[in-house]
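**Student:** So the sequence shown is numbered by my numbering: it starts at 1 and just counts up by one.
Virtual Cβ for every residue (Gly too), placed ideally from N, Cα, C.
Before anything else, here's the structure in question.
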Amino acid sequence: MTIPQIISLLIIILIIAVSLKKHTDLFSPAKVFSLIWAVVILLTEFKFSGYQNNWTLFSWFTLTTGLCSFLLGLYITYYLYLGKPLIPIKTIRESIQITDKFDLRKLLIIIVLLFTAYFISYIVEVISFGTLPILSPNPDQARIDFGIFGFHLFVNLEPILLFFCLEYLVLKTKRKKKKFIVISIFIISFVSYFFLLQRYNYFLFFVISIGFLYYASKIINLKKILIVAIVFISFLSVLQSIRLSKYAADFHYVISKMEYSKDYAMFTWPYMYIVMNLENLAVGVEKLDDNSYGLLTGDWLMASTGIKHWAKEYFNIDKQKYLYSAYTTSPFIWDYYYDFGLGGVFSLSLLVGIIVGLFYYKMRITGELKWIVIYSFFLFVIVISFFTNPLTSLNIIVSIFVLWFTHHFFLISQSSMDIKINQ
Numbered sequence: 001m002t003i004p005q006i007i008s009l010l011i012i013i014l015i016i017a018v019s020l021k022k023h024t025d026l027f028s029p030a031k032v033f034s035l036i037w038a039v040v041i042l043l044t045e046f047k048f049s050g051y052q053n054n055w056t057l058f059s060w061f062t063l064t065t066g067l068c069s070f071l072l073g074l075y076i077t078y079y080l081y082l083g084k085p086l087i088p089i090k091t092i093r094e095s096i097q098i099t100d101k102f103d104l105r106k107l108l109i110i111i112v113l114l115f116t117a118y119f120i121s122y123i124v125e126v127i128s129f130g131t132l133p134i135l136s137p138n139p140d141q142a143r144i145d146f147g148i149f150g151f152h153l154f155v156n157l158e159p160i161l162l163f164f165c166l167e168y169l170v171l172k173t174k175r176k177k178k179k180f181i182v183i184s185i186f187i188i189s190f191v192s193y194f195f196l197l198q199r200y201n202y203f204l205f206f207v208i209s210i211g212f213l214y215y216a217s218k219i220i221n222l223k224k225i226l227i228v229a230i231v232f233i234s235f236l237s238v239l240q241s242i243r244l245s246k247y248a249a250d251f252h253y254v255i256s257k258m259e260y261s262k263d264y265a266m267f268t269w270p271y272m273y274i275v276m277n278l279e280n281l282a283v284g285v286e287k288l289d290d291n292s293y294g295l296l297t298g299d300w301l302m303a304s305t306g307i308k309h310w311a312k313e314y315f316n317i318d319k320q321k322y323l324y325s326a327y328t329t330s331p332f333i334w335d336y337y338y339d340f341g342l343g344g345v346f347s348l349s350l351l352v353g354i355i356v357g358l359f360y361y362k363m364r365i366t367g368e369l370k371w372i373v374i375y376s377f378f379l380f381v382i383v384i385s386f387f388t389n390p391l392t393s394l395n396i397i398v399s400i401f402v403l404w405f406t407h408h409f410f411l412i413s414q415s416s417m418d419i420k421i422n423q
């Protein structure tokens with residue numbers, strides 16, 4: 001084993017050991033972030049694919065700078081809140097589950113309005129595109145081409161719509177007719193979005209829901225998380241098999257230049273999707289000879305103003321030219337490095353760590369539902385950080401805003417939060 005693998009394995013063992021203790025927070029940000037990245041680095045260092053190379057010291061330094069900066073940001077927030085008592089998770093759950101604590105009538109109105117916008121936008125895009133990606137002769141390309149700006153923003157709010165439906169049901173409404181409406185909306189939205197062959201938003205819904213159920217209910221424990229994760233991964237595999245129906249697993253195995261036995265060809269796709277992100281980063285930081293000075297980090301802002309494509313063309317910004325292979329995604333660090341070099345990696349990763357830490361401690365100190373939901377969303381940002389930087393996407397920023405706006409102004413407790421702090 002390499003030194004990075006040994007360090008990663010020790011981190012994994014330590015986190016698992018700590019997580020087995022009673023009353024521990026399974027989803028604390030430092031724990032989740034460290035575990036995800038330890039697993040990813042451990043797998044990457046096996047070098048099973050011929051596309052993988054030995055990294056230079058500079059590549060390792062860039063990666064560790066981003067990871068350590070994020071953790072430093074979390075530590076800063078820990079220090080800021082040091083000495084302030086944290087509400088036990090059990091107490092938070094009991095408070096959230098108080099019947100009639102929240103205005104579910106307003107939440108139902110938001111669900112119906114959001115579903116209406118989603119469904120109308122969905123129909124408009126299908127008519128414009130002429131078919132559904134799942135019915136296209138080339139489904140993998142069709143799911144990329146599908147979408148009309150403006151309308152697609154509402155379609156991409158599907159995971160938020162699904163989450164609101166789940167939240168409505170978990171918060172214990174006693175009205176069966178309205179439960180039926182919410183369940184129907186959930187099923188229609190879930191199934192209709194499946195035809196678009198998009199995994200990303202399902203994964204977003206899965207992670208935010210697990211976080212919410214863990215902190216706001218007694219439904220989730222470690223055993224159930226593992227079972228649900230297995231079922232969900234199987235669901236994503238079905239999506240992938242439809243998208244790549246023309247490609248056999250052994251063909252993918254061959255073109256990926258795998259160095260293990262062909263008997264394990266089925267593991268090629270998940271392995272390559274995990275490790276090639278880091279490989280793209282390692283090669284990209286060596287090749288980069290210019291910077292984009294915020295055009296990638298602020299992609300969501302440019303997209304909202306309509307100047308995204310014009311600005312990237314004018315400044316000749318092309319992320320694809322630094323890719324090492326056909327895999328087109330990179331870790332969250334890459335956007336910061338492309339924009340501002342090592343300074344951007346350090347400062348922006350630090351900033352994101354501080355933001356995540358603030359949301360986490362807001363949740364643990366106040367016990368308010370809105371902070372539970374927002375932190376659950378940022379769990380997704382942490383989990384997907386090895387694959388992409390969601391905070392640069394307009395869809396993600398809009399989703400965060402919709403969640404915060406809904407919970408801050410509509411789904412508020414009818415009386416002030418009253419939690420007795422137990423040590």
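Check Phe46 in the structure and name its three-state DSSP category.
**Tutor:** Counted from its first residue, the sequence shown places residue 46 at position 46. The answer is coil: DSSP assigns Phe46 none of H, G, I, E or B.
**Student:** Could you name the residues that DSSP lists as bridge partners for Met258?
**Tutor:** Locating residue 258 in the sequence shown gives position 258, where the first residue counts as 1. Partner(s): Ser49.
**Student:** Contact between the region 297-317 and the region 384-393 is defined here as three or more beta-carbon pairs at a separation below 8 Å; is this criterion met?
**Tutor:** They touch, by the three-pair rule.
**Student:** Helix or strand or just coil, what does DSSP make of Phe340?
**Tutor:** Residue numbering aside, residue 340 sits at position 340 when the sequence shown is read from its first letter. Helix.
**Student:** Using only the alpha-carbon positions, how far apart do Leu20 and Leu14 sit?
**Tutor:** For this step, residue 20 is matched to residue 20 along the sequence shown. For this step, residue 14 is matched to residue 14 along the sequence shown. If I take the Cα positions, the gap works out to 10 Å.
**Student:** For Tyr247, does the count of other Cβ atoms within 10 angstroms reach 16, so buried, or fall short, so exposed?
**Tutor:** Counting from 1 along the sequence shown, the entry for residue 247 is found at position 247. Bear in mind that the predicted position of Tyr247 carries a pLDDT of just 49, short of 50, making it unreliable; the figure below should be weighed with that in mind. Burial call: exposed.
**Student:** Pick out whichever of Leu379, Ile355, Ser376, Val381 has its Cα sitting closest to the Cα of Gly73.
**Tutor:** Numbered from 1 along the sequence shown, position 73 holds the residue referred to as residue 73. The shortest Cα separation from Gly73 among Leu379, Ile355, Ser376, Val381 belongs to Ile355.
**Student:** Roughly how many angstroms lie between the CA atoms of Val275 and Gly147, to the nearest whole one?
**Tutor:** Residue mapping note: residue 275 aligns to position 275 of the sequence shown, counting from 1. Residue mapping note: residue 147 aligns to position 147 of the sequence shown, counting from 1. Each residue's alpha carbon lies about 29 Å from the other.
**Student:** Throw me the rounded Cβ distance for the Asn277 and Phe386 pair, which I believe falls under 8 Å.
**Tutor:** Translated into the one-based positions of the sequence shown, residue 277 becomes position 277. Translated into the one-based positions of the sequence shown, residue 386 becomes position 386. With 8 Å as the limit, Asn277 and Phe386 qualify as a contact, their Cβ atoms being about 6 Å apart.
**Student:** So, at 7 Å on beta carbons, what are the nonlocal neighbours of Leu323 in its own chain, with the 5 sequence-adjacent residues on each side left out?
**Tutor:** What you label residue 323 is simply residue 323 of the sequence shown in a count that begins at 1. The residues are Asn280.
**Student:** Write down the C-beta distance between Arg93 and Ser184 rounded to the nearest angstrom, noting that I regard them as a contact closer than 8 Å.
**Tutor:** For this step, residue 93 is matched to residue 93 along the sequence shown. For this step, residue 184 is matched to residue 184 along the sequence shown. The Cβ separation is near 28 Å, so there is no contact.
**Student:** In whole angstroms, what is the alpha-carbon distance linking Ile6 and Leu35?
**Tutor:** Here residue 6 is taken as the residue at index 6 of the sequence shown, counted from 1. Here residue 35 is taken as the residue at index 35 of the sequence shown, counted from 1. Cα to Cα, the separation comes out at about 14 Å.
**Student:** Cα-Cα, which of Leu113, Ser192, Lys172, Tyr81 is closest to Leu132?
**Tutor:** Looking up residue 132 in the sequence shown gives position 132. Per the Cα distances, Ser192.
**Student:** Where Leu114 and Thr77 are concerned, what is the direct C-alpha to C-alpha distance, given to the nearest angstrom?
**Tutor:** Reading the sequence shown from its first residue, position 114 is the one you call residue 114. Reading the sequence shown from its first residue, position 77 is the one you call residue 77. Each residue's Cα considered, the two are about 35 Å apart.
**Student:** With distance defined between alpha-carbon atoms, name the residue in Val352, Ser256, Val402, Leu67 nearest to Lys47.
**Tutor:** For the purposes of this step, residue 47 is identified with residue 47 of the sequence shown, where counting begins at 1. Closest option to Lys47, Cα to Cα, is Ser256.
**Student:** Just to confirm before moving on: does the CB-CB distance between Ser189 and Leu162 stay below 8 Å?
**Tutor:** Locating residue 189 in the sequence shown gives position 189, counting from the first residue. Locating residue 162 in the sequence shown gives position 162, counting from the first residue. Against a cut-off of 8 Å, the Cβ pair of Leu162 and Ser189 comes out as a contact.
**Student:** On the premise that Leu369 lies in contact with Leu403, defined as a C-beta separation below 8 Å, what is that separation, rounded to the nearest angstrom?
**Tutor:** Position 403 of the sequence shown, counted from the first residue, corresponds to residue 403. Position 369 of the sequence shown, counted from the first residue, corresponds to residue 369. The pair is not a contact, with the Cβ atoms about 11 Å apart (cut-off 8 Å).
**Student:** Three or more C-beta pairs closer than 8 Å, one from the region 363-381 and one from the region 311-326: is that the case here?
**Tutor:** No: fewer than three Cβ pairs fall under 8 Å.
**Student:** Is the distance from the Cβ of Val207 to the Cβ of Val383 below 8 Å?
**Tutor:** Residue mapping note: residue 207 aligns to position 207 of the sequence shown, counting from 1. Residue mapping note: residue 383 aligns to position 383 of the sequence shown, counting from 1. Cβ atoms of Val207 and Val383: closer than 8 Å.
**Student:** List in chain order: all unbroken alpha helix (DSSP H) runs of 4+ residues lying wholly within the region 146-209.
**Tutor:** For the region 146-209, whole alpha helix (DSSP H) runs of length 4 or above, ordered along the chain, are 151-155, 158-170, 176-194.
**Student:** To the nearest angstrom, how far is it from the Cα of Gly294 to the Cα of Ile219?
**Tutor:** Position 294 of the sequence shown holds residue 294. Position 219 of the sequence shown holds residue 219. Approximately 42 Å, taken between the alpha carbons.
**Student:** Assess contact between the region 355-365 and the region 79-90, defined as three or more Cβ pairs (one per stretch) separated by less than 8 Å. Is contact present?
**Tutor:** Touching, yes.
**Student:** Would Phe340 be called buried (16 or more neighbouring beta carbons within 10 Å of its own) or exposed?
**Tutor:** Here residue 340 refers to the residue found at position 340 of the sequence shown. When all chains shown are included, Phe340 counts as buried.
**Student:** Can you grab the Cα-Cα spacing for the pair Ser245 / Pro137, in whole Å?
**Tutor:** Start at 1 with the first residue of the sequence shown, and residue 245 comes out as number 245. Start at 1 with the first residue of the sequence shown, and residue 137 comes out as number 137. At Ser245 the pLDDT is 46, less than 50, meaning the model places this residue with poor confidence and gives no usable figure here.
**Student:** Taking 8 Å as the threshold (C-beta atoms), are Phe380 and Leu107 in contact?
**Tutor:** In the sequence shown, the residue the question calls residue 107 occupies position 107. In the sequence shown, the residue the question calls residue 380 occupies position 380. In this structure, Phe380 does not lie closer than 8 Å to Leu107 by Cβ.
**Student:** Check Leu14 in the structure and name its three-state DSSP category.
**Tutor:** Reading the sequence shown from its first residue, position 14 is the one you call residue 14. Leu14 falls in the helix class under three-state DSSP.
**Student:** Nearest CA to the CA of Ala117: which residue from Glu158, Ile134, Ala142, Gly83?
**Tutor:** Start at 1 with the first residue of the sequence shown, and residue 117 comes out as number 117. With distances taken between Cα atoms, Ala117 lies closest to Glu158.
**Student:** Considering only the alpha carbon of each residue, which of Ile160, Gly150, Gly211, Leu196 lies closest to Phe405?
**Tutor:** Translated into positions along the sequence shown, residue 405 becomes position 405. Of the listed residues, the one whose Cα sits closest to Phe405 is Ile160.
**Student:** Tell me whether Asp263 sits in a helix, a strand or coil according to DSSP, three-state version.
**Tutor:** Sequence index remark: in the sequence shown, residue 263 carries index 263 (1-based). Helix at Asp263.
**Student:** With a cut-off of 8 Å on the beta carbons, I'd call Tyr337 and Thr62 a contact; round off their distance for me.
**Tutor:** Here residue 337 refers to the residue found at position 337 of the sequence shown. Here residue 62 refers to the residue found at position 62 of the sequence shown. Indeed they touch by this definition, with Cβ atoms about 6 Å apart.
**Student:** Anyone know if the C-beta pair for Ile134 and Leu197 falls short of 8 Å?
**Tutor:** Counted from its first residue, the sequence shown places residue 134 at position 134. Counted from its first residue, the sequence shown places residue 197 at position 197. It is a contact, given that the beta carbons lie within the stated cut-off.
**Student:** Roughly how many whole angstroms lie between the Cα atoms of Leu169 and Phe186?
**Tutor:** Indexing the sequence shown from 1 puts residue 169 at position 169. Indexing the sequence shown from 1 puts residue 186 at position 186. Roughly 11 Å between the two C-alpha positions.
**Student:** Could you work out which residue in Lys22, Leu26, Thr2, Leu10 is closest to Leu226 when comparing CA atoms only?
**Tutor:** Translated into positions along the sequence shown, residue 226 becomes position 226. Residue Leu26 is the option with its Cα nearest to Leu226.
**Student:** Look at Phe102 and Leu9 and say whether their C-beta atoms are less than 8 Å apart.
**Tutor:** Counting from 1 along the sequence shown, the entry for residue 102 is found at position 102. Counting from 1 along the sequence shown, the entry for residue 9 is found at position 9. Their beta carbons are not under 8 Å apart, which means Phe102 does not touch Leu9 by this criterion.
**Student:** Just list the alpha helix (DSSP H) runs in the region 68-147, keeping only unbroken ones of 4 residues or longer that don't cross its boundaries, in chain order.
**Tutor:** The qualifying runs are 89-96, 104-129, 139-145.
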